[in-house]
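Peer 1:
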Amino acid sequence: MQTAVALGRSEPDGIAHIRDSYAAFDATRGARSAGLLRRQLFGYHDLLVHIRDFDGEAPGPDLESPLDAEATLFYQWDGRPAAAGEVLHSTVIVNRMDPAVIPEVSALFAELDATDFPHRMGTRRRRLFSLDGVYFHLQDFAETDGYRLIDRAWKEADPRFIKICRELEPLVSVYDPATWRSTADQVATRLYRWETPA
């Protein structure tokens with residue numbers, strides 16, 4: 001499965017229009033004819049994050065929208081794929097990152113994902129994207145509340161999780177320091193989800 005992430009900026013009153021446009025498109029055969037398996041929209045501060053999963057190579061945009069800046073995938077780990085009929089739930093973490101540190105960030109996650117830790121945590125798939133100094137960490141879980149699993153990993157203090165958090169600290173910074181209070185403030189809010197019928 002290939003994933004594409006596009007980024008846009010939208011005023012709060014424009015989000016409903018964008019969501020409704022995708023819902024109308026996805027209700028037709030248009031999304032399925034484009035090979036789309038799943039579409040999700042997440043909001044985070046002034047950002048609108050558009051995630052599309054395809055059964056093959058990701059084509060270009062499937063509907064005219066302000067989300068035309070495609071993020072670059074720089075790391076992926078496929079873990080355990082979804083079984084037939086199983087629904088995975090995404091959690092999106094948004095931060096800032098200088099593109100120059102992409103090799104270091106990729107190496108840290110490759111080291112972690114080579115252990116059993118992601119499986120113990122419940123992570124089924126991980127994708128890291130970058131666009132214009134913004135970092136998107138997309139994790140899929142079998143459970144609906146991925147942040148709860150992330151928070152539990154922190155509280156259980158697995159040394160591998162603590163280590164990667166400490167090593168990422170100088171490389172990845174919070175998106176908006178003025179409003180940041182805890183790690184929960186780094187998680188985007190899901191605004192829309194569509195999945196192709198089985």
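Positions 1 to 198 (the working numbering) are the ones given, in order, by the sequence shown. All residues carry an ideal CB built from backbone N, CA and C; glycine is no exception.
For Tyr192, which three-state DSSP category applies?
Peer 2: strand
Peer 1: Can you list, in chain order, the residues of its chain with a C-beta nearer than 7 Å to that of Met121? Leave out the 5 residues immediately preceding and following it.
Peer 2: Leu149 and Ala153
Peer 1: Return the CA-CA distance between Ile102 and Phe74, expressed in angstroms with no decimal places.
Peer 2: 7 Å
Peer 1: Give me whichever residues DSSP pairs with Val105 in a beta bridge.
Peer 2: Val105 pairs with nothing; no bridge assigned.
Peer 1: Pull up the distance between the alpha-carbon of Val125 and that of Pro99, whole angstroms please.
Peer 2: Note on identity: in this sequence residue 125 is Arg, with Val being the wrong assignment. Each residue's alpha carbon lies about 22 Å from the other.
Peer 1: If you pair each beta-carbon of the stretch 167 to 178 with each one of the stretch 80 to 92, do three or more pairs fall below 8 Å?
Peer 2: Between the stretch 167 to 178 and the stretch 80 to 92, the count of Cβ pairs shorter than 8 Å is below three; the stretches do not touch.
Peer 1: Around the C-beta of Asp55, are 16 or more other C-beta atoms found within 10 angstroms, so that it is buried, or is it exposed?
Peer 2: exposed
Peer 1: Starting from Leu47, trace the beta strand (DSSP E) both ways and give me its first and last residue.
Peer 2: Leu47 to Phe54
Peer 1: Let me know if His137 comes out buried or exposed under the rule of 16 or more other beta-carbons within 10 Å of its beta-carbon.
Peer 2: Label assigned to His137: buried.
Peer 1: Whole angstroms is fine: what's the gap from Ile228's alpha carbon to Thr189's?
Peer 2: A query on residue 228 cannot be resolved here, the shown segment of the chain reaching from 1 to 198 and no further.
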